[in-house]
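Right, one structure below, let's go through it.
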Amino acid sequence: MHAELILDARNATGESPVWSAAEQALYWVDIPAKRLHRWSAADGQSQSWLAPQMLGCIARSSDGGWIAGMQSGLFHLHPQADGQLSSRLLCEVEHARPGMRFNDGRCDRQGRFWAGSMLLDMAAAAPVGAMYRYSASQDEPLNAQLSGFIVPNGLAFSPDGRTMYLSDSHPSVQAIWTFDYDIDSGKPHNRQLFVDMREHPGRPDGAAVDADGCYWICGNDAGQIHRFTPDGRLDRSLTVPVKKPTMCAFGGRNLDTLYVASIRPDGIDLADQPLAGGVFALNPGVTGLEEPHFND
Numbered sequence: 043m044h045a046e047l048i049l050d051a052r053n054a055t056g057e058s059p060v061w062s063a064a065e066q067a068l069y070w071v072d073i074p075a076k077r078l079h080r081w082s083a084a085d086g087q088s089q090s091w092l093a094p095q096m097l098g099c100i101a102r103s104s105d106g107g108w109i110a111g112m113q114s115g116l117f118h119l120h121p122q123a124d125g126q127l128s129s130r131l132l133c134e135v136e137h138a139r140p141g142m143r144f145n146d147g148r149c150d151r152q153g154r155f156w157a158g159s160m161l162l163d164m165a166a167a168a169p170v171g172a173m174y175r176y177s178a179s180q181d182e183p184l185n186a187q188l189s190g191f192i193v194p195n196g197l198a199f200s201p202d203g204r205t206m207y208l209s210d211s212h213p214s215v216q217a218i219w220t221f222d223y224d225i226d227s228g229k230p231h232n233r234q235l236f237v238d239m240r241e242h243p244g245r246p247d248g249a250a251v252d253a254d255g256c257y258w259i260c261g262n263d264a265g266q267i268h269r270f271t272p273d274g275r276l277d278r279s280l281t282v283p284v285k286k287p288t289m290c291a292f293g294g295r296n297l298d299t300l301y302v303a304s305i306r307p308d309g310i311d312l313a314d315q316p317l318a319g320g321v322f323a324l325n326p327g328v329t330g331l332e333e334p335h336f337n338d
């Protein structure tokens with residue numbers, strides 16, 4: 043299946059693509075560049091805004107802005123005409139160690155924001171990453187809900203919101219789990235192995251769930267995006283012309299396009315993947331679900 047390049051973005055680490063149905067536009071972040079990007083499907087034009095810290099993950103806020111997991115906590119962001127992102131701290135985080143940031147994240151079906159933390163130095167392989175849940179109504183500090191991860195990733199929720207998916211993409215783990223998710227309290231429990239990604243090409247990175255309840259996850263290092271059925275069976279794999287796809291998201295007028303962000307590695311020969319760091323579009327043959335807004 044042909045992957046169409048929609049933007050030769052050359053992102054160092056393109057992540058967290060989110061489709062805006064109201065704008066018919068795709069947003070995503072470049073983590074180390076501290077930038078939020080936007081691409082318009084109508085005219086193919088793109089623009090970006092600079093954040094005060096590294097941006098790990100984003101979700102749309104109901105007021106038209108964004109909630110974001112950055113380095114020191116969760117922030118409310120608004121793009122400004124001068125190319126900057128105005129930021130307001132929502133909640134600080136006390137990381138397990140210095141040198142950490144937020145990584146993958148999104149809202150559950152009820153509009154609570156989840157984000158995972160990781161060490162900037164992946165080579166340390168320390169299981170100090172954690173998953174945090176935030177809602178505007180909570181009055182307690184930001185506390186870890188799940189812990190013991192190296193690089194938490196692949197967060198997604200089933201169409202009914204009662205299953206939570208989560209992976210650890212570190213080479214020493216490469217596992218995807220499911221949790222039973224209490225939609226009233228926002229608490230995951232009953233963790234079970236969903237897929238051992240050591241049996242499939244690529245490390246498990248960012249993910250999305252389609253309208254059929256199947257789980258799509260990027261196979262980082264393998265240039266593939268895999269679709270798993272709810273019972274953990276590999277249904278199909280799509281290919282992109284880069285080795286490190288990071289996260290996929292459904293978009294387009296009918297939510298039938300799968301957009302994929304990617305990494306442009308530094309310091310290596312990219313002759314075999316000149317489009318690394320680009321953003322791609324695929325026709326997966328299924329439709330997705332609109333991402334919930336943060337319920338603020």
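Every position in the sequence shown, counted from 1, becomes a number in the numbering used here once 42 is added. From the three backbone atoms N, C-alpha and C, an ideal C-beta is built for every residue, glycine too.
*Could you tell me whether the Cβ atoms of Met239 and Pro230 are closer together than 8 Å?*
Stepping through the sequence shown from its first residue, residue 239 is reached at position 197. Stepping through the sequence shown from its first residue, residue 230 is reached at position 188. The Cβ-Cβ distance between Met239 and Pro230 does not fall below 8 Å.
*Tell me, to the nearest whole angstrom, how far the beta carbon of Trp70 is from that of Ala303; I am working on the premise that it is less than 8 Å.*
What you label residue 70 is simply residue 28 of the sequence shown in a count that begins at 1. What you label residue 303 is simply residue 261 of the sequence shown in a count that begins at 1. Contact annotation, Trp70 with Ala303: C-beta distance approximately 5 Å; criterion of less than 8 Å satisfied.
*Check each candidate in Ala198, Gly228, Arg139 and His242 and name the one with the smallest Cα separation from Ile192.*
For the purposes of this step, residue 192 is taken as residue 150 along the sequence shown, with counting starting at 1. Taking the Cα of Ile192 as reference, the smallest distance to any Cα among Ala198, Gly228, Arg139 and His242 is reached at Arg139.
*Extent of the continuous beta strand (DSSP E) run through Glu57*: For the purposes of this step, residue 57 is taken as residue 15 along the sequence shown, with counting starting at 1. For Glu57, the uninterrupted beta strand (DSSP E) run begins and ends at Gly56 to Ser62, by DSSP.
_Threshold first: 3 residues or longer. Then list the beta strand (DSSP E) segments lying entirely within the region 269-305, N to C._
Taking only runs of at least 3 residues, the beta strand (DSSP E) segments lying wholly in the region 269-305 are 276-281, 287-293 and 299-304.
*Assign Glu136 to buried or exposed, taking buried as 16 or more other Cβ atoms, counted over all protein chains shown, within 10 Å of its Cβ.*
For the purposes of this step, residue 136 is taken as residue 94 along the sequence shown, with counting starting at 1. Exposed.
*Say whether the region 284-299 touches the region 309-321, bearing in mind that this needs 3 or more beta-carbon pairs closer than 8 Å, one atom from each stretch.*
The answer is yes - the region 309-321 touches the region 284-299, with three or more Cβ pairs under 8 Å.
_Judging by CA-CA distance, which residue of Ile225, Pro194 and Asp202 is the nearest neighbour of Trp219?_
Start at 1 with the first residue of the sequence shown, and residue 219 comes out as number 177. Considering only alpha carbons, the answer is Pro194.
*Excluding the five sequence neighbours on either side, which residues of its own chain have a C-beta within less than 6 Å of the C-beta of Ile259, listed in chain order?*
Indexing the sequence shown from 1 puts residue 259 at position 217. Excluding positions up to five away in sequence, the list reads Gly196, Pro246, Ala249 and His268.
*asked:* Taking its Cβ as the centre, do 16 or more other Cβ atoms sit within 10 Å of Ile310, making it buried, or is it exposed?
replied: If you number the sequence shown from 1, residue 310 lands on position 268. Around the beta carbon of Ile310, fewer than 16 other beta carbons sit within 10 angstroms, so the residue counts as exposed.
_Please tell me whether Thr299 and Phe292 are closer than 8 Å, where the distance is taken between their beta carbons._
The residue labelled residue 299 in the question sits at position 257 within the sequence shown. The residue labelled residue 292 in the question sits at position 250 within the sequence shown. Taking the C-beta atoms as reference points, Phe292 is found nearer than 8 Å to Thr299.
*asked:* Checking the sheet assignment: what are the DSSP bridge partners for Ile267?
replied: Locating residue 267 in the sequence shown gives position 225, where the first residue counts as 1. In the DSSP assignment, Ile267 forms a beta bridge with Cys260 and Leu280.
*Within 10 angstroms of the Cβ of Gln113, are there 16 or more other Cβ atoms? Answer buried if so, exposed if not.*
As a working note, residue 113 is residue 71 in the sequence shown. Buried: at least 16 other Cβ atoms inside 10 Å.
*With DSSP as the reference, label Glu136 as helix, strand or coil.*
In the sequence shown, the residue the question calls residue 136 occupies position 94. Look at Glu136 here: in three-state DSSP terms it is coil, with no helix or strand label.
_Quick check on the burial criterion: 16 or more other C-beta atoms within 10 angstroms. Buried or exposed for Ser227?_
Here residue 227 refers to the residue found at position 185 of the sequence shown. Note on Ser227: under 16 other CB atoms within 10 angstroms of its CB, so exposed under the neighbour-count rule.
*According to the neighbour-count rule (16 or more other Cβ atoms, all chains shown, within 10 Å of its Cβ), is His44 buried or exposed?*
Mapped onto the sequence shown, residue 44 falls at position 2. Exposed, because fewer than 16 other Cβ atoms sit within 10 Å of the Cβ of His44.
*Per DSSP, what kind of secondary structure is Met160 in: helix, strand or coil?*
As a working mapping, residue 160 is identified with position 118 in the sequence shown. Note: Met160 maps to strand in three-state DSSP.
*Alpha carbon to alpha carbon, how far is Pro121 from Leu312? Give it in angstroms, no decimals.*
Position 270 of the sequence shown, counted from the start, is the residue given in the question as residue 312. Position 79 of the sequence shown, counted from the start, is the residue given in the question as residue 121. Using only the alpha carbons, I get a separation of about 32 Å.
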